[in-house]
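In my numbering, the protein residues as written are 15 to 348. Ideal Cβ placement from N, Cα and C applies to all residues, glycine included. Only a predicted model underlies this, so the values are computations on that prediction, with no experimental measurement involved. Scroll down for the structure; my scribbles are underneath it.
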Amino acid sequence: MVLDLVPIWTFLVALAVFYYVVFDGFDLGVGILSGFARNEDDRALMMASIAPIWDGNETWLVFGGIGLLAVFPLAFAIIIPAAYFPIAIMLLALVFRGVAFEFRFKRAALRRFWDRAFSAGSALATFAQGIVLGQFIEGFKVDGRVFAGTSFDWVTPFALLTGVALMFGYALLGAGWLILKTEGALQRWARRSGRFAFIGVCIAVVGVSIWTPLAHAEIAQRWFAWPNIAFLSPVPIITALIAVVEWRSLGREHEFVPFLAAIGLFAMSFLGIAISLWPLIVPYRYTLWQAASSPSTQAFLLIGTLFLLPVILMYTAWSYWVFRGKVRAEAGYH
Numbered sequence: 015m016v017l018d019l020v021p022i023w024t025f026l027v028a029l030a031v032f033y034y035v036v037f038d039g040f041d042l043g044v045g046i047l048s049g050f051a052r053n054e055d056d057r058a059l060m061m062a063s064i065a066p067i068w069d070g071n072e073t074w075l076v077f078g079g080i081g082l083l084a085v086f087p088l089a090f091a092i093i094i095p096a097a098y099f100p101i102a103i104m105l106l107a108l109v110f111r112g113v114a115f116e117f118r119f120k121r122a123a124l125r126r127f128w129d130r131a132f133s134a135g136s137a138l139a140t141f142a143q144g145i146v147l148g149q150f151i152e153g154f155k156v157d158g159r160v161f162a163g164t165s166f167d168w169v170t171p172f173a174l175l176t177g178v179a180l181m182f183g184y185a186l187l188g189a190g191w192l193i194l195k196t197e198g199a200l201q202r203w204a205r206r207s208g209r210f211a212f213i214g215v216c217i218a219v220v221g222v223s224i225w226t227p228l229a230h231a232e233i234a235q236r237w238f239a240w241p242n243i244a245f246l247s248p249v250p251i252i253t254a255l256i257a258v259v260e261w262r263s264l265g266r267e268h269e270f271v272p273f274l275a276a277i278g279l280f281a282m283s284f285l286g287i288a289i290s291l292w293p294l295i296v297p298y299r300y301t302l303w304q305a306a307s308s309p310s311t312q313a314f315l316l317i318g319t320l321f322l323l324p325v326i327l328m329y330t331a332w333s334y335w336v337f338r339g340k341v342r343a344e345a346g347y348h
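Right under this line is the structure:
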């Protein structure tokens, strides 16, 4: 009997995507918020709060992409051509923001330019990621085993909506991170910014939750048919409770709760998408098993992953532990 590794790899790839959304999401959110900072001192503190860990967060993007390519090659062959332009824009924006981040510390005379470039790159990368997500939920035009659409199939109202929604979501994560890492006037500003971002997130979640079942009868059937509606009702209920906690914590003296609750909102949204599309990996055409590589390939890759993944988790945890606590104005980055 051959062990079915598809569920294991589904969990690992999903875990990589979720970790990327959380870890790179908050530093992209800080980048977005930095464009609205009150002054240069606040902006410097915001940048210092993510300086030791921001580039390592993108490890999860690489892990997820390689996992998709190696374990679900059919899905990779369809999704990447379909979302080629948004993905290319995202990668270029990530590179540009990386250059801007380094140069702002090296060229004081052009610091204002590089600060704006970092914020713009963060916003553009986030917007592009949201478009890819929206396009994924909408589905792709497929003929046999290849993408059959055009290079501009991603230009749809729904995909653009998810792009904007993700910008609000990452800004909420970024605000939570700043509340955790700063104090005083900047922390109070982060709380106000978090409340504004939270309102945008709520509007987007409600909009997507209404739009998706109206556009896809199979998703509506999964959520609202009996007895599914009873079994799945805890998902929106828990999401609403987390939203209440998030709103209240932003208005009080809590420091860790706003960040934790923002992660909870992303987790519940992630779960909602998984429930809507399971077991599809190319909506609404191929399942995870249909798109998977051979069992021997999955087994070979899993052996290496079981050695590599603990290393990634350990150095990620260690870096956050080393740089724990509040960021200070005297902290430097060279």
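heavy atom of the ligand GTP below 7 Å from residue i C-beta
| i | result |
| --- | --- |
| residue 114 | With respect to small molecules bound, the structure shown includes none, and the ligand GTP cannot be examined in it. |
Buried/exposed call for residue i, threshold 16 Cβ in 10 Å
| i | result |
| --- | --- |
| residue 17 | exposed |
| residue 186 | buried |
| residue 145 | buried |
| residue 348 | Residue confidence is low: residue 348 scores 49 on pLDDT, short of 50, so the model does not pin down where it sits. Its coordinate-derived value is still stated next. Result: exposed. |
| residue 272 | buried |
| residue 114 | buried |
| residue 60 | buried |
| residue 32 | buried |
| residue 55 | exposed |
| residue 169 | exposed |
| residue 26 | buried |
| residue 164 | exposed |
| residue 100 | buried |
| residue 334 | exposed |
| residue 310 | exposed |
| residue 215 | buried |
| residue 152 | buried |
| residue 74 | buried |
| residue 34 | buried |
| residue 154 | buried |
| residue 118 | buried |
Rounded distance between the beta-carbons of residue j and residue i, thought under 8 Å
| i | j | result |
| --- | --- | --- |
| residue 30 | residue 70 | The Cβ separation is near 14 Å, so there is no contact. |
| residue 182 | residue 225 | The pair is not a contact, with the Cβ atoms about 16 Å apart (cut-off 8 Å). |
| residue 156 | residue 299 | 5 Å |
| residue 200 | residue 192 | 7 Å |
C-beta atoms of residue i and residue j nearer than 8 Å
| i | j | result |
| --- | --- | --- |
| residue 143 | residue 104 | yes |
| residue 270 | residue 194 | yes |
| residue 282 | residue 252 | yes |
| residue 36 | residue 277 | yes |
| residue 264 | residue 212 | yes |
| residue 246 | residue 240 | no |
| residue 96 | residue 141 | no |
| residue 85 | residue 23 | yes |
| residue 434 | residue 306 | Outside the displayed range of the chain (15 to 348) lies residue 434, so it cannot be described from this structure. |
| residue 38 | residue 64 | no |
| residue 231 | residue 256 | no |
| residue 291 | residue 249 | no |
| residue 175 | residue 112 | no |
| residue 67 | residue 337 | yes |
| residue 261 | residue 52 | no |
| residue 129 | residue 57 | yes |
| residue 227 | residue 234 | yes |
| residue 116 | residue 340 | no |
Span of the beta strand (DSSP E) around residue i
| i | result |
| --- | --- |
| residue 295 | 294–296 |
Endpoints, alpha helix (DSSP H) assigned at residue i
| i | result |
| --- | --- |
| residue 310 | 309–336 |
| residue 4 | One cannot answer for residue 4 here, as it falls past the ends of the chain, which runs 15 to 348. |
| residue 178 | 171–195 |
| residue 27 | 20–48 |
| residue 242 | 242–246 |
| residue 341 | No alpha helix (DSSP H) holds residue 341; DSSP gives it neither H nor E. |
| residue 272 | 271–291 |
| residue 211 | 198–229 |
| residue 127 | 125–152 |
| residue 168 | Residue 168 -> no alpha helix (DSSP H), and no H or E assigned at all. |
| residue 17 | Where residue 17 is concerned, there is no enclosing alpha helix (DSSP H), given that its DSSP letter is neither H nor E. |
| residue 303 | 302–305 |
| residue 62 | 54–64 |
- prompt: Is the segment 81–97 close to the segment 287–302, with three or more CB pairs under 8 Å?
  reply: yes
query: Is the segment 40–51 touching the segment 177–193 in the sense that three or more CB pairs, one from each, lie closer than 8 Å?
result: yes
message: Within 8 Å, do at least three Cβ pairs link the segment 108–117 to the segment 128–141?
response: yes
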